[in-house]
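Colleague: Can you read through this structure? Questions will come right after.
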Amino acid sequence: MSTLHVLSHSPFTDTRLSSCLRVLGSADGLLLCGDAAYALQPNTAVYAELGARSGLNLYVLEEDLNARGLTLPAWARAVDYPGFVELSIEHDKVNTWL
28 MSTLHVLSHS PFTDTRLSSC LRVLGSADGL LLCGDAAYAL QPNTAVYAEL
78 GARSGLNLYV LEEDLNARGL TLPAWARAVD YPGFVELSIE HDKVNTWL
């Protein structure tokens, strides 16, 4: 059973991302949207941690990545809104970290 974890808060203002990473299963996906896209800001500890996680199914909402002027790293995948819907369908559950 897989879960799509959706985060929208900046990883620099609270601990939601680190909490999520602790419970993330190997079949789970992690979608960054809104200010959570700042996790892909190069030269930060968060960026390094995400890049070092082998097998992480990491997605970022393309609109939010572009709005923040960030570059997509090779180990992440950008999705549009229809892609977000597809990810929601592909996973058994969706967990939004409010």
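Residue numbering for the sequence shown follows this note's numbering, starting at 28 and increasing by one per position.
Beta carbons: idealized from backbone N, C-alpha and C, even for Gly.
1) Could you check what DSSP says for residue 103 in three-state terms: helix, strand or coil?
2) Under a Cβ-count criterion, where at least 16 other Cβ atoms within 10 Å of its own Cβ denotes burial, should residue 125 be classed as buried or exposed?
3) Can you check whether the CB of residue 92 is closer than 9 Å to the CB of residue 67?
4) Can you name the start and end residues of the beta strand (DSSP E) that residue 86 belongs to?
5) Would you give the residue range spanned by the beta strand (DSSP E) that residue 56 belongs to?
6) Quick check on this structure: which residue in 31, 46 and 97 has the alpha carbon closest to the alpha carbon of residue 53?
7) Checking 9 Å against the spacing of the C-beta atoms, do residue 69 and residue 98 come in under that value?
8) Taking 9 Å as the cut-off, decide whether the C-beta atoms of residue 105 and residue 86 are in contact.
Modeller: A quick look at the data gives this:
1) coil
2) exposed
3) yes
4) 84-88
5) 56-59
6) 31
7) yes
8) yes
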